[in-house]
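K.L.:
Residue numbers (this note's numbering), protein chains in the order written: chain A, 33 to 523; chain B, 33 to 523. Cβ atoms here follow ideal geometry from the backbone N, Cα and C, with glycine treated the same way.
Protein chains: 2
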Amino acid sequence: METNATTETINQVMEEAWNAFHIYRNQSLKQRADLMRQIAIEIENLGDLLLQTAMAETNLPEARLRVERTRTIFQLTSYAAHCESGQWLDARIDTGDANRVPAKPDIRKMLVPLGPVVVFGASNFPFAYSTAGGDTACALAAGCPVIVKAHPAHPKTSALVASAIINAVASQGLPKGVFAHVHGASSAVGEALIKHPHTKAVGFTGSFAGGKQLFDWGNQRKEPIPVFAEMGSVNPVFLLPEKLKLSSIEIAQQLAASITLSVGQFCTNPGIMIGIKGEALDIFLNELSELIKKTIPAPMLHEGIHKNYLEKRAKALSGTLVSIKAVADIEAGSNEGIPTIATCSAKTFLENPLLQEEVFGPYSLLVCCDNADEMTMIANNLSGQLTATVMATENDVTLHSTLIEQVKNICGRFIFNGVPTGVEVCLSMQHGGPFPASTDSRFTSVGADGIRRFARPIAFQNWPDTLLPDELKQSNPLNIWRTVNNEPGRS
Amino acid sequence: METNATTETINQVMEEAWNAFHIYRNQSLKQRADLMRQIAIEIENLGDLLLQTAMAETNLPEARLRVERTRTIFQLTSYAAHCESGQWLDARIDTGDANRVPAKPDIRKMLVPLGPVVVFGASNFPFAYSTAGGDTACALAAGCPVIVKAHPAHPKTSALVASAIINAVASQGLPKGVFAHVHGASSAVGEALIKHPHTKAVGFTGSFAGGKQLFDWGNQRKEPIPVFAEMGSVNPVFLLPEKLKLSSIEIAQQLAASITLSVGQFCTNPGIMIGIKGEALDIFLNELSELIKKTIPAPMLHEGIHKNYLEKRAKALSGTLVSIKAVADIEAGSNEGIPTIATCSAKTFLENPLLQEEVFGPYSLLVCCDNADEMTMIANNLSGQLTATVMATENDVTLHSTLIEQVKNICGRFIFNGVPTGVEVCLSMQHGGPFPASTDSRFTSVGADGIRRFARPIAFQNWPDTLLPDELKQSNPLNIWRTVNNEPGRS
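1) Using a Cβ-Cβ cutoff of less than 6 Å, which residues in the same chain neighbour PRO273/B once the five nearest sequence positions on both sides are dropped?
2) Tell me whether the beta-carbon of GLY465/B lies closer than 8 Å to the beta-carbon of SER477/B.
3) Going along the chain, which residues of its own chain have a beta-carbon closer than 7 Å to the beta-carbon of LEU323/A, five neighbours each way excluded?
4) Check whether the Cβ of THR104/A lies closer than 8 Å to any Cβ atom in chain B.
5) Strictly under 8 Å for the Cβ-Cβ distance: is CYS170/B near chain A by that measure?
6) Under 8 Å Cβ-Cβ, which residues of chain A neighbour ASP472/B?
7) Give me, in chain order, the residues of the same chain whose beta-carbon lies closer than 6 Å to that of GLU116/B; leave out the 5 immediate sequence neighbours on both sides.
8) For ALA224/A, which option in SER433/A, VAL45/A, SER470/A has the closest C-alpha, if you only look at C-alpha atoms?
9) Check whether chain B comes within 8 Å of GLN119/A, counting only Cβ atoms and requiring the distance to be less than that.
10) Take the Cβ of PHE106/A as the centre, count every other Cβ of all protein chains shown within 10 Å, and call the residue buried at 16 or more, exposed below.
11) Any beta carbon of chain B sitting closer than 8 Å to that of MET263/A?
12) Checking the sheet assignment: what are the DSSP bridge partners for LYS141/A?
13) Could you check what DSSP says for GLU255/A in three-state terms: helix, strand or coil?
14) Which class does LEU333/A belong to by DSSP, given the choice of helix, strand or coil?
15) Between THR237/B and chain A, is any beta-carbon pair separated by less than 8 Å?
16) For THR237/A, which of helix, strand or coil comes out of DSSP?
17) Measuring only the C-alpha atoms, how far is ARG484/A from ILE512/A?
18) Let me see if you follow: with CB-CB separation under 8 Å, is GLY454/B close to chain A or not?
19) Determine the extent of the beta strand (DSSP E) in which MET305/A is found, giving its start and end residues.
20) Contact between the segment 289-309 of chain A and the segment 262-269 of chain A is defined here as three or more beta-carbon pairs at a separation below 8 Å; is this criterion met?
21) If we ignore side chains and look at the alpha-carbon of each, how far apart do VAL439/A and ALA424/A end up?
22) Report the residue from LEU510/B, ASN427/B, CYS400/B whose alpha carbon sits nearest the alpha carbon of LEU278/B.
23) Does the Cβ of THR471/A have 16 or more other Cβ atoms within 10 Å, making it buried, or fewer, making it exposed?
24) So for ARG345/B, helix, strand or coil by DSSP?
25) Taking THR498/B as the query, report the chain A residues whose CB atoms sit under 8 Å from its CB, ordered along the chain.
26) So, is the C-beta of CYS299/B closer than 8 Å to a C-beta in chain A?
27) With 8 Å as the threshold, decide whether the Cβ of LEU333/A is near any Cβ in chain B.
28) Are the beta-carbon atoms of LEU146/A and ASP122/A separated by less than 8 Å?
29) Rounded to whole angstroms, how far is the Cβ of HIS230/A from the Cβ of TRP50/A, which I believe are closer than 8 Å?
30) Using the C-alpha atoms, what's the distance from LEU431/B back to GLU383/B?
31) When DSSP labels each residue in this structure, what does MET423/A get in the three-state scheme?
32) Please name the residues in the segment 171-186 of chain A whose beta-carbon is closer than 9 Å to at least one beta-carbon of chain B, in chain order.
33) Excluding the five sequence neighbours on either side, which residues of its own chain have a C-beta within less than 7 Å of the C-beta of ALA217/A, listed in chain order?
34) Who are the neighbours of SER460/A on chain B, taking C-beta pairs under 7 Å?
35) Using CA atoms only, rank isn't needed, just tell me which of ASN91/A, PRO302/A, ILE337/A is closest to PHE446/A.
36) Report the neighbours of LYS476/A on chain B: residues whose CB is nearer than 8 Å to its CB, in chain order.
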């Protein structure tokens, strides 16, 4: 068991981060990108030891962890490339005009880092959303030192990855305060980190209860700070009638795989499906049920997640008029998640807000509506979501435009004939949605746009060219995209 | 005296805004821009009546109000142009690849509106930061209905401008819920508006106490919402030694004008000046004092502001070892602000946090340092600022790089050899700084980038081209700037 960081340690770590900030924020985009690429190399250098350590701590299979390691390295290197491109700086220049009355000043704006960022990793992504995950990569790209609080479910994995980052920081000749790693199974450690005056932003991926607590702590400070918490979702899937009739079997197969992928332990797991009663829905449900029955239960990430799954599942199933439609034929062993499909009517769903809560694991609820109006009522009733999916023909979309518009209004990512699991790492990705999916729907935690969470604009007024940062100099020495007198370009 | 909006009225207004949102958010960029341009026309059509009403309510002179009206109209029309350009949508496209394993989805992202925005105007800008001011223009551009709570210091002006907006909404054939205007001298009205579930964001310009209260209400909701509050600043001006020696008289003239402009009633008023003791500072202070003595006191915006000025000024002057250096020779009449310069040592300033508080009015404090190190200590000690200014030669900047970096780190706009008053309306403007200057330093309330406060990204995954919004269609029918496969352009 790792020791909780003491107040003394936290104060020291934050002091070092603050001092390092004043050096690191002036590192060029290339220097920041070099650090990120070096971290990727150091993580690769950890080799099989890293995989074995994570396997032992998380119950995740090796193949999955290999893919996640590749993803983590891709995040670091692709965000590094984006960092270096300077696009994210939103550089804007309005040139002055001395002849105007009053004289028009020369103003040039770009993003600068906020300061030390505290990162809370996720238990379900020991690499990609943990120690050297998306939040850390974004904060380092933005020019912010990072303090990671290790997830207590995989402290050894976290410490190994931290050692890779620490090596990279040293090999780039940067002050050690650029990165720190602390342990803290107790919530007091998280609270102390967030409430420390040198902390300027927070990144978090995890449960609603956890994320909301950090958000509140961040806002209750004397100097409130932005807390970006990605808190999961039920990721509704709307089954539109024409499409369902055409492809009920195929959709059932897609969803069965998505619901049970990684024992359902994804924040994009499709937790609610909504369809209209009838023959097509029956065929769909039967196929889905058969596939779920055949699913082999597998161990969950850790005891806490498993206990939570059992409790949340039992709570959902205890709802009046909610019935189990299918569970895995093979009995679940200790710590294993039971693949489960439940059903209820639209009326039942609308009357019981508890059924909207995420059941983190291989569970999904099919809401059976009497008609399309009930589907729209459900869409109107749903809270904010990371993703929403429609299974539809183009004709379905045209015929149900009100429903489609409503669904669009509650989600961060809107999927057409696909499944919500699988979050592509690219600039166009949005991972974050209206509350309670995340604490600020205006930002994303996946994709290089996530860098902007940790940066703020500063406008330089009437500075001589020689004293401006390279990003804003008249000659554009870094050759970055800038908007000059309202026109984007590289000139 | 206007009647406070009742709970019933507020509920009705918010219901209408919510219904209008679902229509207005689907208006094209051009339609939104047309509305904004029509509002500008309707405001112009109000003619002299608007100026006279504002003069009677605010004590601001006609010339100033004419300039402010022009600025307001420029905001509406220039933000309309930016809205129509689509640049602010941050459209990003990553095209799919069916051959990749697993298949790479097609993902396309753009900003969409948050929902109804409640706007609280400023008393010191009855046009430009009030009813049809920057926040309203940004929200309408983003696609959000707006509910303005009239400032109780200029309710008739606000109602007149509201009538112009209401006319414009009607003439564009939009539902009336796109804009609403309510009165509320009581804070209960503001609280009810912010806590209404249909409210999705808030814009505010005013005092720290007011803005912080709205921010807290927004965060305490079951569904927290972003509250962008611009809460003023002391806008420190650092007088570097070589420059001060060269231009002490000129700088004194610039600052005297800036401190007393509009009776000091600007959030960018230079409230603190920092210099190093010596002959140059003496010459500067003498000149500044002479100019302040000659300033003719003028009426402040309203009784509340005047009372507040007297109180805050008295509180600052009551500090141990703070002394008055100059006040206007002509005695101030009732409701008039007394132009005042006070001085203190760096030690006194550092020991008394009260001296950092904004004294809203024609007041400024000169902090006299023993040396450059004390100047840097003051910079380290200052909280977040809308602006910071350095009066410096290039040599000064090179010699005092630590000070310059520290100042840069606490401000939203960084001015070189100028004055902070005068906020240019352009894309490169940043008006918002680290807390407590504003509640979220990542956004601006002046310039078209302010639109982004009220919009969030949505990613469309694998949608057929015909069903995508025009902004994201493959052929780019709106000819907007988009980043396609990481490369910005218009293709």
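P.N.:
Considering the structure as presented:
1) Here the set comprises ILE308.
2) Not a contact, by the Cβ cut-off of 8 Å.
3) If we look at LEU323/A and ignore the five residues flanking it on each side, its Cβ neighbours are ALA284, GLN285, ALA288.
4) No, THR104/A lies away from the interface with chain B (no Cβ there is under 8 Å from its Cβ).
5) With 8 Å as the cut-off, CYS170/B does not count as an interface residue toward chain A.
6) The answer, in chain order, is PRO258.
7) The residues are LEU61, LYS62, ALA65.
8) That would be VAL45/A, whose Cα lies nearest to the Cα of ALA224/A.
9) True, the Cβ-Cβ gap to chain B drops below 8 Å.
10) Under this definition PHE106/A is an exposed residue.
11) Chain B, which has no Cβ nearer than 8 Å to the Cβ of MET263/A, makes this no.
12) ARG124/A, ALA491/A, per the DSSP bridge assignment.
13) Coil, per DSSP.
14) In the structure shown, LEU333/A sits in coil (DSSP, three-state: anything other than H, G, I, E or B).
15) Using a Cβ-Cβ cut-off of 8 Å, THR237/B does not count as an interface residue toward chain A, since no Cβ of chain A sits closer than that to its own.
16) If DSSP states are grouped into helix, strand and coil, THR237/A belongs with the strands.
17) Distance from the CA of ARG484/A to the CA of ILE512/A, rounded to the nearest whole angstrom, comes to 17 Å.
18) Yes, because at least one Cβ of chain A sits closer than 8 Å to the Cβ of GLY454/B.
19) Start and end: 304-308.
20) Judged by Cβ distances under 8 Å, the segment 289-309 of chain A makes contact with the segment 262-269 of chain A, as three or more pairs qualify.
21) Roughly 13 Å between the two C-alpha positions.
22) Minimum Cα distance to LEU278/B is reached at ASN427/B.
23) Buried, since its Cβ has 16 or more Cβ neighbours within 10 Å.
24) Helix.
25) Those are GLU426, listed as they occur along chain A.
26) False, the Cβ-Cβ gap to chain A never drops below 8 Å.
27) Any Cβ of chain B closer than 8 Å to the Cβ of LEU333/A would place that residue at the interface, and such an atom is absent.
28) The answer is no: Cβ separation not under 8 Å.
29) Beta-carbon to beta-carbon, HIS230/A and TRP50/A are separated by about 4 Å, close enough to satisfy the 8 Å threshold.
30) Roughly 27 Å between the two C-alpha positions.
31) Strand, per DSSP.
32) Within the segment 171-186 of chain A, no residue has a Cβ lying closer than 9 Å to any Cβ of chain B.
33) The residues are ASN36, PRO184.
34) Proximity of chain B to SER460/A at the Cβ level (cut-off 7 Å) is accounted for by ARG124, ILE125, ASP126, ILE139, ARG140, LYS141, ALA491, in chain order.
35) Nearest of ASN91/A, PRO302/A, ILE337/A to PHE446/A, Cα basis: PRO302/A.
36) Strictly speaking, residue 476/A in this sequence is Thr, with Lys absent from that position. Correct list: PRO489.
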